Each structure stands twice: as structure tokens, then as C-alpha cells.
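Numbering (our numbering), first residue to last: 732 to 987. The beta carbon of each residue, even a glycine, is placed where N, CA and C say it ideally should be. Quick caveat: nothing in here was measured; it's all calculated off a predicted structure.
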């Protein structure tokens, strides 16, 4: 969802796209010039794939980073919906830059698992899960309440390692990777705690019934369509809040 939020056009960009599409449709000569430019770049890319030695690094970056000038009907329809408030606007980021932020989330998950694997034995599963759930809720709330601002961070854009402008709110969502990295182990351990000889059967059933990753994105997507991308993160806050409840109360074994 964060990637979609970052790459979807802003309302200003959508308005510019609608105006440009109308201009192209009303001026055949102008449209033909743009079509020729798009075709020339496509042909150059084919030649580059066949023999990369004929092109300089700058030429390769220009070809790969080239954005087609001709606006198609689907692109126009999407922009028109944003412009007329049918569809919620995003941040209009370059897709490669947005991809860097998404990759950072997975990198932080790796870091979190390495740290959790090194020090996890010193803390109980209940303490681990309740701590990371609390921190994740804090990160999500910071992302939702953060003013509309950007911050420069290192990342990749058009085959180059450079500084990219990232929405501050998204960075807090990315930091959640540190928290989600160690949740699974804590949830599993608490779920089978105290089952004794039934642990093997229960763990098998537990694995079969894992479905949150297939359901929550659908719910969040539905909320995003109605209330906007950022508002959809309240779904995640509710989910993580339940994990906090589960760690603190719901997982405690009741004595018969």
C-alpha cells in the first residue's frame, strides 16, 4: 500500500496529465512528434540490449529513465479520476525511488531478525511481542500524524545511487520492518505454550490457518478506496493492537 501511495499522482500532476492528454488529442501534429520520440527511444533500447558497448553510461541512463510522452487512455482515466476526486491522490514519486523505500523495509526486517536471533533468548516471547507491537503502533501513529513533509535519504533512482526525497510519514511505516521481523516467532511460541503432547498437532493447525497476509491487504485496500491511502493504515493499527492484546492477555493459559 505504501508503494501505491508513493507512486500515485498528486492532484496537481493529475490535472497536468489531463491537460496534456487533451492537447495531444486536439493536435495531431504534436501527437505525431511525441509518438516519434517514444518510438525512437524504444528502438534505442532494443539496440542497447543487443550491444551495450555502443552506448555511454549517460546515454543508457537517459534511455532507461525516459518516460513515454504519449498519454494512453488508461493513464488519462486514472488521472481524470484523481482530478475529479473519484480516486485518492498520492505523492507522485518516481517508481524506482519508491522501490528503494520498499526495499528498505525488507532490509530492516533482516536487521530485526538478526538482532532478535542474537538477543531473543534473553527475553520471553510475551515481552518481545508486546514490546515490538507497542513500538509498531507508535511508528504507525507517527506516520499518520506527521505533517506533509519530505526528507532526503540515500536510494536508487534511474540506475543511480543518489539522494531521494521521501515522505516523512512513509519512513515511519518503513521502520515498522524492525518490529514485524520478530513478531512471528513470538506469536507462534505463545500460541503453542502449555499444550504439552498436543504441541505438534496444534502447531500444524496453526500453520495451516495462517491467512492474515491474504485478508488484511484486501481490507486495507477497500478502506483506501473509500478514505484514502493514509487512512487505510488504521487497519494495520487495529491489527497490531490486537497482537498487543494477545501478547498481554489473550495468550495467557487459563488453568482449568
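| query | result |
| --- | --- |
| Would you grab the beta carbon distance between residue 857 and residue 934 for me? Rounded to a whole angstrom, and I think it's under 8 Å. | Residue 857 to residue 934, Cβ: 18 Å. No contact. |
| First and last residue of the alpha helix (DSSP H) that includes residue 983? | It is not in any alpha helix (DSSP H) - residue 983 carries neither H nor E in the DSSP assignment. |
| Please state if the CB of residue 864 and the CB of residue 745 are separated by a distance shorter than 8 Å. | no |
| Can you give the Cα-Cα distance for residue 975 and residue 860, rounded to whole angstroms? | 7 Å |
| Let me make sure I understand the geometry here. Which of 827, 767, 811 and 800 has the alpha-carbon closest to that of residue 792? | 827 |
| Name the two residues that bound the continuous alpha helix (DSSP H) containing residue 754. | 742-757 |
| Cβ atoms of residue 964 and residue 874: under 8 Å apart, would you say? | yes |
| Out of 801, 885 and 850, point me to the one whose CA is closest to residue 832's CA. | 885 |
| What number of angstroms, rounded off, separates the C-alpha of residue 898 from the C-alpha of residue 926? | 46 Å |
| Contact check, residue 966 vs residue 954 under 8 Å by CB: the rounded distance? | 6 Å |
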